[in-house]
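Protein chains: 2
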Amino acid sequence: MVFGKSCSQCSVRDAALCGVLADADLAPMAAHGTQRRLARGETLIRAGDPVRLCANIQRGLMKISHTNPAGQEVILGLLWPGDFVGTPFLDGGPAPHDVVALGAVSLCVFAQGTIERTMADHPLMQRQLLSRTLAELGQVRGSLSRLARATALARVAGFIAQTAQRHRADSEDERQIELPLSRGEMADLLGLTIETVSRQMTRLKAAGVIGLPGGRRVLIQDPHALAEAAEDHV
Amino acid sequence: MVFGKSCSQCSVRDAALCGVLADADLAPMAAHGTQRRLARGETLIRAGDPVRLCANIQRGLMKISHTNPAGQEVILGLLWPGDFVGTPFLDGGPAPHDVVALGAVSLCVFAQGTIERTMADHPLMQRQLLSRTLAELGQVRGSLSRLARATALARVAGFIAQTAQRHRADSEDERQIELPLSRGEMADLLGLTIETVSRQMTRLKAAGVIGLPGGRRVLIQDPHALAEAAEDHV
DNA sequence: CGGGCATTTGATTTAGCTCAATCCCCGTGG
DNA sequence: CCACGGGGATTGAGCTAAATCAAATGCCCG
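Chains A and B, in that order, give the protein sequences. Residue numbering for the first sequence is 3 to 236, as defined by the working numbering. Residue numbering for the second sequence is 3 to 236, as defined by the working numbering.
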């Protein structure tokens, strides 16, 4: 894959931006992809409905969320550019959760029937999908551990640190990041309330660990102390 | 797969007991399996070590666990007979978590190199593995939602209800189950303390929802009320 | 400039934790 | 057969982190 080459399938200018092509083993897939865009708040997959697609995120973030019987929303995870969503299988059963765009999103959508045939012909591609899914399973189990025992401070600090890591690649200023979520969304993701999230942010700011220049921006003043705070368990 | 036939690879008397053979698509795998037994407390996979095996659980339960910086153990999930553990890939990277036997366990262990070659020749088998892994990802995300918002009562009731569902298949008395975990292990799984788990059990008993005949046994007196309690969110 | 929303801050309440004391099985040995 | 331990489980009495309720502040955008 030549850097700078455009992705013919997805009409993305730089091939590197087309998540799916970043991995050579997944290339056979790209031939069957079609472009789709979502606006903020649009639902791609609704819990309970049969999953009719498999897609790779090119730009923007999505949330996997669940609304419990009491009507509270819980954000079960975020999907970043390069991540897959949905299932390549037609008979994958009903979707376990909602998948919703957090902002403007571009996707490479693959038809399930086609992709399943493609997989049969390209074991390496399927291998790569399995490998990624196993890795994700490990990640999700990691966040279980945070929700089980971490203090509010550790959850918030951990989220900021993790977001910073994701941003590091494509950032002009190493130390300044823009959180992809509102305080309310952070609360839903971390299993806290808006007020508690806000208080912990203030606390980190007061301790000189971070700066809050306004909006969703965070200035990481003391990365070491931030990592330390993220490990603060009861 | 003929019911009642013995599993020649795993020396399990009834083929149906050999988890891996329960699924026809996974049959090619069985030819490469070797039997292994673990005693209670034995560690199969240690977090951080490279994962050298892929196995299918035949009998007994295992826990996926993580010990956080403060030294508290968190149980991230349970593995039941029929479940897979480890990775079929040699380059799967370091294990994200520990995997430990909760009691006596029998496994069908597959060599990674062999299984990877087998997968290349049997796309349906790989397909099945991917499909199972995607399903498990959904399950784990479901438990995230419980840890994020559910009350102590809901966590405990949910665990009992879930265990009952698993037991239903192989139980003589529909209503009586034997919990696979001690109170302490339940606490580590549900993100609570031993005392809180105990109090919620007592509460369910006092409400006539369950009976506690002693040991780890639970008598489910009112399945509907139990399900209701499991949905009790703040 | 002002309205509407997100965020912050404050006061109070509460679910679950901590610490501490039994209790209850259940196996062991006298 | 029964006293004696011992580990898991239960129960009790405060304590605390985070939730809840309520108000104030800041900020974006017309």
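Backbone N, C-alpha and C fix where the C-beta goes; we use that ideal spot for every residue, glycine too. All of these numbers come straight from a predicted model, not from anything done at the bench.
Task: Spatially closest choice to R134 of chain A from B:E180, B:D93, B:R151, by CA coordinates - done: Here residue 134 of chain A refers to the residue found at position 132 when the first sequence is read from its first residue. Closest by alpha carbon: B:D93.
Open item on the list: Less than 8 Å between the C-beta atoms of L63 of chain A and L104 of chain A, yes or no?
Closed with: Taking the first residue of the first sequence as 1, we reach residue 63 of chain A at position 61. Taking the first residue of the first sequence as 1, we reach residue 104 of chain A at position 102. For L63 of chain A and L104 of chain A, yes; Cβs fall inside 8 Å.
- [ ] Specify the secondary structure class of P215 of chain B as computed by DSSP and reduced to three states.
- [x] For this step, residue 215 of chain B is matched to residue 213 along the second sequence. Strand at P215 of chain B.
TODO: Compare the beta carbon distance of V87 of chain B and V101 of chain B with 8 Å and say whether it is the shorter of the two.
DONE: Translated into the one-based positions of the second sequence, residue 87 of chain B becomes position 85. Translated into the one-based positions of the second sequence, residue 101 of chain B becomes position 99. The answer is yes: Cβ separation under 8 Å.
TODO: Kindly indicate which three-state DSSP category R38 of chain B falls into: helix, strand or coil?
DONE: Your numbering for residue 38 of chain B matches position 36 in the second sequence. Three-state result, R38 of chain B: strand.
Open item on the list: Does F112 of chain B come out as helix, strand or coil in the three-state DSSP assignment?
Closed with: Locating residue 112 of chain B in the second sequence gives position 110, counting from the first residue. Of the three classes helix, strand and coil, the one that applies to F112 of chain B here is strand, per DSSP.
Task: is_contact[P30 of chain B, chain A] using C-beta, thresh 8 Å - done: For this step, residue 30 of chain B is matched to residue 28 along the second sequence. For P30 of chain B, the answer is no, since every Cβ of chain A falls outside 8 Å of its Cβ.
Open item on the list: Let me make sure I understand the geometry here. Which of B:L228, B:T120, B:A113, B:G79 has the alpha-carbon closest to that of L146 of chain B?
Closed with: Indexing the second sequence from 1 puts residue 146 of chain B at position 144. Of the listed residues, the one whose Cα sits closest to L146 of chain B is B:G79.
Open item on the list: Cβ closer than 8 Å: which chain A residues qualify as neighbours of V142 of chain B?
Closed with: The residue given as residue 142 of chain B occupies position 140 in the second sequence. Going along chain A in sequence order, the residues near V142 of chain B (Cβ under 8 Å) are L139, V142, R143, L146.
Open item on the list: What does the Cβ neighbour count give for P217 of chain B, buried or exposed, with the cut at 16 atoms within 10 Å?
Closed with: Taking the first residue of the second sequence as 1, we reach residue 217 of chain B at position 215. First, the amino acid is wrong: residue 217 of chain B is Gly here, not Pro. G217 of chain B comes out exposed.
Task: Bridge-paired residues (DSSP) for M64 of chain B - done: Mapped onto the second sequence, residue 64 of chain B falls at position 62. Per DSSP, B:L81, B:A103.
- [ ] Please classify V4 of chain B: does DSSP put it in a helix, a strand, or coil?
- [x] The residue given as residue 4 of chain B occupies position 2 in the second sequence. Low per-residue confidence applies at V4 of chain B: pLDDT is 37, beneath 50, and the placement is therefore not dependable, though the value from the model is reported in the following sentence. In this structure, V4 of chain B counts as coil in the three-state DSSP scheme.
TODO: Determine the DSSP secondary structure at A152 of chain B, reduced to helix, strand or coil.
DONE: Taking the second sequence and counting its residues from 1, one reaches residue 152 of chain B at position 150. Strand, per DSSP.
TODO: Compute the distance between the beta-carbons of A231 of chain A and L206 of chain A, then report whether it is under 8 Å.
DONE: One-based indexing of the first sequence puts residue 231 of chain A at position 229. One-based indexing of the first sequence puts residue 206 of chain A at position 204. Yes, the pair counts as a contact, with Cβ atoms nearer than the cut-off.
Open item on the list: Does chain A have any CB closer than 8 Å to the CB of A231 of chain B?
Closed with: Residue 231 of chain B sits at position 229 when you count from the first residue of the second sequence. No, A231 of chain B lies away from the interface with chain A (no Cβ there is under 8 Å from its Cβ).
TODO: Determine the chain B residues that contact T89 of chain A at a beta-carbon separation under 7 Å, and present them in chain order.
DONE: Position 87 of the first sequence, counting from 1, holds the residue named residue 89 of chain A. Neighbours of T89 of chain A on chain B, chain order: L136.
TODO: Give me whichever residues DSSP pairs with L221 of chain B in a beta bridge.
DONE: Working through the second sequence from its first residue, we reach residue 221 of chain B at position 219. DSSP lists B:Q178, B:G213 as partners of L221 of chain B.
- [ ] Output the distance between the C-alpha atoms of T69 of chain A and G186 of chain A, rounded to the nearest integer angstrom.
- [x] The count along the first sequence starts at 1 and reaches residue 69 of chain A at position 67. The count along the first sequence starts at 1 and reaches residue 186 of chain A at position 184. Taking the straight line joining both Cα atoms gives about 14 Å.
Open item on the list: Going by DSSP in three states, D16 of chain A sits in which element: helix, strand or coil?
Closed with: Along the first sequence, one-based indexing puts residue 16 of chain A at 14. Unreliable positioning characterises D16 of chain A in this predicted model, as indicated by a pLDDT of 47, which lies under 50. The coordinate reading is nonetheless provided below. Reduced to three states, the DSSP call for D16 of chain A is coil.
- [ ] Quick one: using the 10 Å Cβ neighbour count with 16 as the cut-off for buried, is P215 of chain A buried or exposed?
- [x] Taking the first sequence and counting its residues from 1, one reaches residue 215 of chain A at position 213. With fewer than 16 other Cβ atoms within 10 Å, it is exposed.
Task: Buried/exposed call for D190 of chain A, threshold 16 Cβ in 10 Å - done: To locate residue 190 of chain A, count along the first sequence from 1; it is residue 188. So D190 of chain A counts as buried.
- [ ] Compute the minimum distance between the beta carbon of V142 of chain B and the heavy atoms of the ligand ATP, and state whether it is under 7 Å.
- [x] The ligand ATP is absent from the structure shown, which contains no ligand whatsoever.
Open item on the list: What does the Cβ neighbour count give for G115 of chain A, buried or exposed, with the cut at 16 atoms within 10 Å?
Closed with: The sequence position of residue 115 of chain A within the first sequence is 113, counting from 1. Flag for G115 of chain A reads exposed.
TODO: Given a cut-off of 8 Å, decide if L81 of chain B and A163 of chain B are closer than it, judged by their beta-carbon atoms.
DONE: For the purposes of this step, residue 163 of chain B is taken as the residue at position 161 of the second sequence. For the purposes of this step, residue 81 of chain B is taken as the residue at position 79 of the second sequence. No, these two residues do not count as a Cβ contact at 8 Å.
Task: DSSP three-state assignment for Q11 of chain A, whether helix, strand or coil - done: Here residue 11 of chain A corresponds to residue number 9 of the first sequence, with the count starting at 1. Bear in mind that a pLDDT of 46 at Q11 of chain A, under 50, signals an unreliable position, so the model cannot answer this.
Task: Where G88 of chain A sits in the DSSP three-state scheme - done: The count along the first sequence starts at 1 and reaches residue 88 of chain A at position 86. G88 of chain A falls in the strand class under three-state DSSP.
- [ ] Go to L46 of chain B, then tell me how far its beta strand (DSSP E) extends in each direction, as first and last residue.
- [x] Translated into the one-based positions of the second sequence, residue 46 of chain B becomes position 44. 45 to 47 is the extent of the beta strand (DSSP E) around L46 of chain B.
Open item on the list: Below 7 Å on C-beta distance, what does A78 of chain B contact in chain A?
Closed with: Residue numbering aside, residue 78 of chain B sits at position 76 when the second sequence is read from its first letter. According to the sequence displayed, residue 78 of chain B carries Leu and not Ala. Ordered by position in chain A, the residues that pass the 7 Å Cβ test against L78 of chain B are R143, L146, S147.
Open item on the list: At the level of alpha carbons, what is the spacing between R38 of chain B and A97 of chain B?
Closed with: Taking the first residue of the second sequence as 1, we reach residue 38 of chain B at position 36. Taking the first residue of the second sequence as 1, we reach residue 97 of chain B at position 95. Distance between the alpha carbons of R38 of chain B and A97 of chain B: 20 Å.
TODO: Using DSSP bridges, identify the partner residues of E75 of chain B.
DONE: By 1-based counting over the second sequence, the position of residue 75 of chain B is 73. Answer is B:T69.
Open item on the list: Quick check on Q128 of chain B - is its C-beta less than 8 Å from some C-beta in chain A?
Closed with: Here the question's residue 128 of chain B lines up with position 126 in the second sequence. True, the Cβ-Cβ gap to chain A drops below 8 Å.
Open item on the list: Tell me which residues of the stretch 49 to 68 of chain B have at least one Cβ-Cβ distance to chain A shorter than 8 Å, keeping chain order.
Closed with: I66, H68
Task: Of the listed residues A:G84, A:T204, A:I66, A:P52, nearest to I59 of chain A (C-alpha basis) - done: Taking the first sequence and counting its residues from 1, one reaches residue 59 of chain A at position 57. Checked all of A:G84, A:T204, A:I66, A:P52; the closest Cα to I59 of chain A is A:G84.
Open item on the list: According to DSSP, simplified to helix, strand and coil, what is P30 of chain A?
Closed with: Taking the first residue of the first sequence as 1, we reach residue 30 of chain A at position 28. P30 of chain A: helix per DSSP, three-state reduction.
- [ ] Taking C-beta pairs closer than 9 Å, name the residues in chain A that H99 of chain B reaches, listed in chain order.
- [x] For the purposes of this step, residue 99 of chain B is taken as the residue at position 97 of the second sequence. Under the 9 Å cutoff, chain A gives G140, R143, G144, S147.
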